[in-house]
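Since the structure comes first, as structure tokens, the remarks are kept for the end.
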Ligand SMILES: *[C@@H]1O[C@H](CO)[C@@H](O)[C@H](O)[C@H]1NC(C)=O
Ligand SMILES: *[C@@H]1O[C@H](CO)[C@@H](O)[C@H](O)[C@H]1NC(C)=O
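Structure follows, in structure tokens:
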């Protein structure tokens, strides 16, 4: 048999890289954060864990206890799941972070006040409130000029909140309701603060360098 030519070696090499790439993708873990008894646990899970099953998560995932300031101001490019019991625990974890695919599970029967969480770059939101009322998980897709967003993704990830192209305001009180998730998006938000004089959040928010961001209210 003739020795393989340079060309076929190249093909084999490329296939190898492709296979490795697929393997790495299949192995990709998701991030799960939960708060329990005043501690924050951050886990990397290879399997889906049933909502609010803390002991299963501790068993199946690779988890560590993190300090509150260590999880602040981060960005998550893939799935992030958070199990929480009240707004005060969720705020420091999520307010002003960049998350593309978020799942929030309320693991208590607490009534949540109307308070808004600001999330940058949110594409998909799933919520579950099983501990409160037995309803199926809900999911919402947010479309907002996705092409522009994906082109600017690397810049966005490195510079964080300041360069945010789309902001979602999540009304925490939606967890009290059994009605379905709704959203409302507004593009070209340059005059947002004057268009929504009663939405005081625009005054307290950190200034964004980009003036044409898209705002989505989720309620
Ligand atoms: C993926 O999750 C498993 C547990 O489900 C863990 O043992 C492993 O270290 C994780 N891998 C990475 C890269 O975090
Ligand atoms: C998020 O931050 C804004 C501005 O500081 C604040 O008004 C709001 O209450 C925070 N939301 C939560 C859920 O903590």
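Residue numbers (our numbering): 3 to 221. Positions of the beta carbon are idealized from the N, C-alpha and C atoms, including for glycine. Since we're looking at a predicted model, the values are computed, not measured.
Worksheet item: Which runs of the alpha helix (DSSP H), 4 residues or longer, sit entirely within the stretch 34–64?
Response: For the stretch 34–64, the full-length alpha helix (DSSP H) segments reaching 4 residues or more read 56–62 along the chain.
Worksheet item: Whose beta carbon lies closer than 7 Å to any heavy atom of ligand 1, going through the chain in order?
Response: Chain-ordered, the residues whose CB falls short of 7 Å from any heavy atom of ligand 1 come out as 31, 46, 47, 48, 49, 62, 63 and 64.
Discussion item. Tell me which residue opens and which closes the alpha helix (DSSP H) that residue 90 is part of.
Written reply: Where residue 90 is concerned, the enclosing alpha helix (DSSP H) stretches over 89–96.
Worksheet item: Count the other CB atoms within 10 Å of the CB of residue 46; is the residue buried (16 or more) or exposed (fewer)?
Response: exposed
Worksheet item: Do you know offhand how far residue 37's Cα is from residue 133's?
Response: 15 Å
Worksheet entry | Alpha carbon of residue 101 to alpha carbon of residue 144, nearest angstrom | 12 Å
Worksheet item: Who are the near neighbours of residue 221 in its chain, counting only those whose CB is closer than 7 Å to its CB and skipping five residues on each side?
Response: 173, 176 and 184
Item to complete: Report the three-state DSSP secondary structure of residue 143 (helix, strand or coil).
Response: strand
Item to complete: Leaving out five residues on either side along the sequence, give the residues of the same chain with a beta carbon under 6 Å from the beta carbon of residue 105.
Response: 83 and 128
Worksheet item: So, is residue 81 buried or exposed, given that buried needs 16 or more other C-beta atoms within 10 angstroms?
Response: buried
Practice prompt. Run the CB neighbour count on residue 58, radius 10 Å, all protein chains shown included, and call it buried at 16 or more, exposed below.
Written response: exposed
Practice prompt. Confirm, please, whether the CB-CB distance from residue 52 to residue 68 is below 9 Å.
Written response: no
Worksheet item: Where do the ends of the alpha helix (DSSP H) carrying residue 206 lie?
Response: 203–206
Worksheet item: So, is residue 118 buried or exposed, given that buried needs 16 or more other C-beta atoms within 10 angstroms?
Response: buried
Worksheet entry | Which of helix, strand or coil DSSP assigns to residue 67 | strand
Item to complete: Mark residue 223 as exposed unless 16 or more other C-beta atoms lie within 10 angstroms of its C-beta, in which case mark it buried.
Response: Outside the displayed range of the chain (3 to 221) lies residue 223, so it cannot be described from this structure.
Item to complete: Give the DSSP-derived three-state secondary structure of residue 79 in the structure shown.
Response: strand
Worksheet item: residue 120: beta carbon under 8 Å from a heavy atom of ligand 2?
Response: yes
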